[in-house]
Amino acid sequence: MQNSNWSRRSVLKTTGASLLAMAAGSSTAHAAQSANDHPGPLPGDANREERMRWWKAARFGMFIHFGLYSTIGRHEWVMEDEGIPVSEYAPHAAAFHPRVGSPREWARLARLAGMRYMVLTTKHHEGFCNFDTKLTTYCAPRQGPGRDVVREYVEAARAEGLRVGFYYSLMDWHHPDGALCATSEESRKRFVDYTHGLIRELLTNYGKIDVLWYDVAWPLDADGWQSVKMNEMVFQLQPEIIVNNRNKLPGDFSTPEQHITAETGGRAWEACMTLNDSWGYQAADDNWKTAKTIIRNLITCARDSGNYLLNIGPREDGSIPEPSSRVLHQVGEWMAINGHSIYDSDPCQVRRSNYASFTRTGNTLYMHVHFWPGRYVAIAGLMTKVKSARLVKTGQTVPFVQDDFRVRFTDLPLEAPDDPVTTIAIECDAEPRQDTDYVRKNKPRMGV
Ligand code: GLC
Numbered sequence: 006m007q008n009s010n011w012s013r014r015s016v017l018k019t020t021g022a023s024l025l026a027m028a029a030g031s032s033t034a035h036a037a038q039s040a041n042d043h044p045g046p047l048p049g050d051a052n053r054e055e056r057m058r059w060w061k062a063a064r065f066g067m068f069i070h071f072g073l074y075s076t077i078g079r080h081e082w083v084m085e086d087e088g089i090p091v092s093e094y095a096p097h098a099a100a101f102h103p104r105v106g107s108p109r110e111w112a113r114l115a116r117l118a119g120m121r122y123m124v125l126t127t128k129h130h131e132g133f134c135n136f137d138t139k140l141t142t143y144c145a146p147r148q149g150p151g152r153d154v155v156r157e158y159v160e161a162a163r164a165e166g167l168r169v170g171f172y173y174s175l176m177d178w179h180h181p182d183g184a185l186c187a188t189s190e191e192s193r194k195r196f197v198d199y200t201h202g203l204i205r206e207l208l209t210n211y212g213k214i215d216v217l218w219y220d221v222a223w224p225l226d227a228d229g230w231q232s233v234k235m236n237e238m239v240f241q242l243q244p245e246i247i248v249n250n251r252n253k254l255p256g257d258f259s260t261p262e263q264h265i266t267a268e269t270g271g272r273a274w275e276a277c278m279t280l281n282d283s284w285g286y287q288a289a290d291d292n293w294k295t296a297k298t299i300i301r302n303l304i305t306c307a308r309d310s311g312n313y314l315l316n317i318g319p320r321e322d323g324s325i326p327e328p329s330s331r332v333l334h335q336v337g338e339w340m341a342i343n344g345h346s347i348y349d350s351d352p353c354q355v356r357r358s359n360y361a362s363f364t365r366t367g368n369t370l371y372m373h374v375h376f377w378p379g380r381y382v383a384i385a386g387l388m389t390k391v392k393s394a395r396l397v398k399t400g401q402t403v404p405f406v407q408d409d410f411r412v413r414f415t416d417l418p419l420e421a422p423d424d425p426v427t428t429i430a431i432e433c434d435a436e437p438r439q440d441t442d443y444v445r446k447n448k449p450r451m452g453v
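Count along the sequence shown from 1, add 5, and you get the number used in our numbering.
Structure follows, in C-alpha cells:
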C-alpha cells in the first residue's frame with residue numbers, strides 16, 4: 006500500500022504536469038514564457054557562484070514540516086491519502102495552537118546539531134499559510150495560531166545564527182483553482198496570480214531570505230506557472246537568494262529526495278531526508294534513523310560536495326518528538342569535534358572501504374571509521390604519499406606503514422575512540438587519490 010502511494014506521488018510529481026497538459030489540450034494555451042524556449046540566461050544564472058558560496062560551505066540544514074497535518078499526526082499527506090474533504094480538514098486551522106517559542110527550540114536544536122540553515126514549510130500541499138497574507142484568511146494570524154508563525158521562525162533562525170529558508174508548495178489541495186487551473190485558462194490565471202502574490206509577500210515581508218524551496222508543481226508545467234517570471238520576481242526581491250529546481254526550472258540546485266545521489270558536472274545538490282518515514286508529524290511512525298546513519302549520510306553528501314537537509318516534524322504545539330531531538334543532539338556532539346571535516350570540504354575521490362567513508366579538505370584525507378575493527382585500519386591503493394596521521398577525537402598521532410598497495414594505520418585502541426564514527430585525519434603530500442584497479446592488477450600473485 007505504502008509503495009503504491011509513493012509511486013503514485015512520484016508519478017504525479019514527474020509526469021503529472023505533462024499528462025494534465027495533454028488532457029487539457031488547447032485550453033492551457035497561454036502567453037507564458039517557456040523555460041526551454043527562453044532565449045539566453047535564466048534568472049539567477051549570472052551570479053550563481055557567489056550566491057551559492059555560503060550554502061556550499063554549510064553542508065547541513067534542518068527541514069521543518071509544520072502545518073495543520075501536525076494536529077492530526079498521520080503524516081503530511083493525510084488529507085489526500087485519507088480522502089478528507091476540505092470541509093472536514095479546514096476546521097483543523099482553528100484548532101492549531103503552536104506554543105510561542107517553539108521555533109526558537111527548533112533553531113536551537115539545529116544549531117546544536119551543527120546545522121547551518123533551516124527550511125520551514127510556509128505552505129504545504131494542504132494550502133494553509135503559516136504566514137500573514139492579504140490573499141487568504143486560511144493563514145496563521147487569522148486562525149488558531151493567532152499570529153505569524155513564519156515571522157517567529159525567521160527571528161528564531163536569525164537569533165541562533167542560522168540562514169533562513171522558505172519551503173513553498175505550488176500544489177494546493179485547498180484553493181478552488183488548485184486543480185481546475187489545469188483545464189481552465191481563467192482559473193489558471195487566477196491561481197498563478199495568487200501563487201506569485203504569496204511568494205511576493207513571503208519575499209517582501211521578512212527581510213533577507215536565503216533559500217526558496219519550491220515543491221510539487223502539479224498540475225502545471227513551467228509555462229503554466231510562469232516560472233521564469235516567478236524566478237525573475239524572486240531575484241528582483243531577493244538578489245542573493247538560492248532557489249531549488251521544483252518549479253520546473255533548473256534553479257540553483259537539485260533535490261534528490263530520500264536518497265543520496267550526487268549531481269555531475271559541478272551542479273549543486275542537496276539530499277533531503279526524513280528522520281523516520283514521515284515529513285509531517287506521524288505519531289505512530291517509529292522507524293527512526295540512528296545518529297550513526299545520519300552521520301554516515303552527511304559524510305556521503307560531503308564527500309561528493311552535496312548538502313544534507315534533514316527533517317523534523319514537530320507536534321501540533323511545536324514540540325519536537327523526543328527521538329528526533331535525541332538523535333540530533335548525538336549528531337551535534339559528533340559535529341562539534343568532527344565538523345571541520347564536513348563544512349566546506351572539497352570533493353573526495355577516495356571512497357573504497359568496507360568499514361569507513363571519506364571526506365577531504367585540500368591534501369587532508371579524513372577517514373571516517375563507522376565499524377571500528379580495532380588495532381589497525383588500512384586503505385588499499387592510496388596513490389598519494391601519507392605524511393602524518395592523527396585521531397581527530399584525541400589528537401593522538403597515529404603511526405602508519407605505507408607501501409605501493411596499502412597504507413596501514415597502526416597502534417590504534419581496541420575500542421573506538423569516538424562514537425558513533427571515529428575520524429582519522431591523514432595528511433598527504435598531494436591531493437589524495439585511490440586506485441584499487443592498480444592494486445588488483447599489480448599486487449604480486451603467488452610465487453611471482
Ligand atoms: C514530497 C512530498 C512532501 C514533502 C517533500 C519534501 O514532495 O510530497 O510531502 O514535503 O517531498 O521534499
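The beta carbon of each residue, even a glycine, is placed where N, CA and C say it ideally should be.
Contact test: Asp220 Cβ vs the ligand GLC heavy atom, cutoff 6 Å: As a first step, residue 220 is located in the sequence shown; it is residue number 215 there, counting from the start. Flag set: Cβ of Asp220 near the ligand GLC.
beta-carbon Trp477 near the ligand GLC non-hydrogen atom, thresh 6 Å: In the structure as shown, the chain begins at 6 and stops at 453. Residue 477 is therefore absent and cannot be evaluated.
Identity of the residue in Ala394, Gln401, Asn312 and Leu417 nearest Tyr381 by Cα: For the purposes of this step, residue 381 is identified with residue 376 of the sequence shown, where counting begins at 1. Distance check between Tyr381 and each of Ala394, Gln401, Asn312 and Leu417 places Leu417 closest, using alpha-carbon atoms only.
Trp284: CB within 6 Å of a non-hydrogen atom of the ligand GLC: Position 279 of the sequence shown holds residue 284. Yes, since a heavy atom of the ligand GLC falls inside the 6 Å radius drawn around the Cβ of Trp284.
Unbroken alpha helix (DSSP H) run spanning Gly170, endpoints: Counting from 1 along the sequence shown, the entry for residue 170 is found at position 165. Here Gly170 belongs to no alpha helix (DSSP H); instead the beta strand (DSSP E) covers Arg168 to Ser174.
Start and end residues, beta strand (DSSP E) containing Phe68: As a position in the sequence shown, residue 68 is number 63, starting the count at 1. Where Phe68 is concerned, the enclosing beta strand (DSSP E) stretches over Phe65 to Ile69.
Assigned secondary structure, Lys392 (DSSP; H/G/I helix, E/B strand, else coil): Taking the sequence shown and counting its residues from 1, the one referred to as residue 392 is at position 387. Note: Lys392 maps to strand in three-state DSSP.
Residues that DSSP places opposite Cys134 in a beta bridge: Stepping through the sequence shown from its first residue, residue 134 is reached at position 129. Partner(s): Lys128 and Cys144.
Heavy atom of the ligand GLC within 6 Å of Cys277 beta-carbon: Indexing the sequence shown from 1 puts residue 277 at position 272. For Cys277, the shortest separation between its Cβ and any heavy atom of the ligand GLC lies below 6 Å.
Beta carbon of Leu207 nearer than 7 Å to that of Thr127: Sequence index remark: in the sequence shown, residue 207 carries index 202 (1-based). Sequence index remark: in the sequence shown, residue 127 carries index 122 (1-based). Yes, Cβ-Cβ distance for Leu207 and Thr127 is below 7 Å.
Proximity below 7 Å, CB of Arg251 to CB of Tyr219: Locating residue 251 in the sequence shown gives position 246, counting from the first residue. Locating residue 219 in the sequence shown gives position 214, counting from the first residue. Yes, Cβ-Cβ distance for Arg251 and Tyr219 is below 7 Å.
Sufficient close CB pairs (3 or more, under 8 Å) joining the region 349-358 to the region 134-153: Contact fails: fewer than three Cβ-Cβ distances are below 8 Å.
Rounded straight-line distance, which links the Cα of Asp182 to that of Val159: Locating residue 159 in the sequence shown gives position 154, where the first residue counts as 1. Locating residue 182 in the sequence shown gives position 177, where the first residue counts as 1. Spanning the two alpha carbons is a distance of roughly 29 Å.
As assigned by DSSP and simplified to three states, the class of Ser362: The residue given as residue 362 occupies position 357 in the sequence shown. Three-state DSSP puts Ser362 in a strand.
Cβ-heavy atom distance, Glu81 to the ligand GLC, below 6 Å: For the purposes of this step, residue 81 is taken as residue 76 along the sequence shown, with counting starting at 1. Shortest gap from the CB of Glu81 to any heavy atom of the ligand GLC: under 6 Å.
When Ser330, Asp442, Val216 and Ser310 are compared against Val272, the one with the closest alpha-carbon: Here residue 272 refers to the residue found at position 267 when the sequence shown is read from its first residue. Contrary to the premise, residue 272 reads as Arg rather than Val in this sequence. The residue with the shortest Cα to Cα distance from Arg272 is Ser310.
Short Cβ contact (7 Å threshold) for Asn343 with Cys433: Within the sequence shown, numbered from 1, the residue matching residue 343 stands at position 338. Within the sequence shown, numbered from 1, the residue matching residue 433 stands at position 428. 7 Å or more divides the Cβ of Asn343 from the Cβ of Cys433.
Opening and closing residue of the alpha helix (DSSP H) in which Ile304 lies: Here residue 304 is taken as the residue at index 299 of the sequence shown, counted from 1. Note, Ile304: alpha helix (DSSP H), Ala296 to Arg308.
Validate contact between the region 44-64 and the region 287-302 using beta carbons, cut 8 Å, 3 pairs: Result no; under three Cβ-Cβ pairs closer than 8 Å.
Where the alpha helix (DSSP H) through Gln335 begins and ends: Residue mapping note: residue 335 aligns to position 330 of the sequence shown, counting from 1. For Gln335, the enclosing alpha helix (DSSP H) has its first and last residue at Glu327 to Asn343.
Beta carbon of Val374 nearer than 7 Å to that of Val391: For the purposes of this step, residue 374 is identified with residue 369 of the sequence shown, where counting begins at 1. For the purposes of this step, residue 391 is identified with residue 386 of the sequence shown, where counting begins at 1. The criterion of a C-beta distance shorter than 7 Å is not satisfied by Val374 and Val391.
Alpha carbon of Leu203 to alpha carbon of Tyr143, nearest angstrom: The residue you call residue 203 lines up with position 198 of the sequence shown. The residue you call residue 143 lines up with position 138 of the sequence shown. Their backbone Cα atoms lie some 12 Å apart in a straight line.
Residue(s) in a DSSP beta bridge with His373: In the sequence shown, the residue the question calls residue 373 occupies position 368. Bridge partners of His373: Ser362 and Thr428.
Local conformation of Asn312 per DSSP, three classes: Translated into positions along the sequence shown, residue 312 becomes position 307. Strand at Asn312.
Simplified DSSP state of Ala435, which is helix, strand or coil: Start at 1 with the first residue of the sequence shown, and residue 435 comes out as number 430. In the structure shown, Ala435 sits in coil (DSSP, three-state: anything other than H, G, I, E or B).
Contact test: Glu262 Cβ vs the ligand GLC heavy atom, cutoff 6 Å: Walking along the sequence shown from the start, residue 262 turns up at place 257. Glu262: yes, Cβ under 6 Å from the ligand GLC.
Contact under 7 Å by Cβ, Asn316 with Trp339: Within the sequence shown, numbered from 1, the residue matching residue 316 stands at position 311. Within the sequence shown, numbered from 1, the residue matching residue 339 stands at position 334. Cβ atoms of Asn316 and Trp339: not closer than 7 Å.
Cβ pair Met235, His201 closer than 7 Å: Residue 235 sits at position 230 when you count from the first residue of the sequence shown. Residue 201 sits at position 196 when you count from the first residue of the sequence shown. Yes, these two residues count as a Cβ contact at 7 Å.
Reference Asp351, options Gly318, Tyr371, Ala341 and Leu333, closest by Cα: Within the sequence shown, the letter at position 346 stands for residue 351. Ranking Gly318, Tyr371, Ala341 and Leu333 by Cα distance to Asp351 puts Tyr371 first.
Proximity below 7 Å, CB of Glu275 to CB of Asn302: In the sequence shown, counting from the first residue as 1, residue 275 sits at position 270. In the sequence shown, counting from the first residue as 1, residue 302 sits at position 297. No, Cβ-Cβ distance for Glu275 and Asn302 is not below 7 Å.
Among Ser192, Val216, Arg193 and Met238, nearest to Arg205 - alpha-carbon criterion: In the sequence shown, counting from the first residue as 1, residue 205 sits at position 200. Selected option, being the one with the closest Cα: Met238.
heavy atom of the ligand ADP below 6 Å from Ala118 C-beta: The model on display carries the ligand GLC but not the ligand ADP.
Short Cβ contact (7 Å threshold) for Phe171 with Ile214: Within the sequence shown, the letter at position 166 stands for residue 171. Within the sequence shown, the letter at position 209 stands for residue 214. The Cβ-Cβ distance between Phe171 and Ile214 falls below 7 Å.
Residues of its chain near Met451, where Cβ-Cβ distance is below 6 Å and the 5 sequence neighbours each way are ignored: On the sequence shown, position 446 is the one that residue 451 refers to. Take Met451, set aside five residues on each side of it, and no residue of its chain has a beta-carbon closer than 6 Å to its own.
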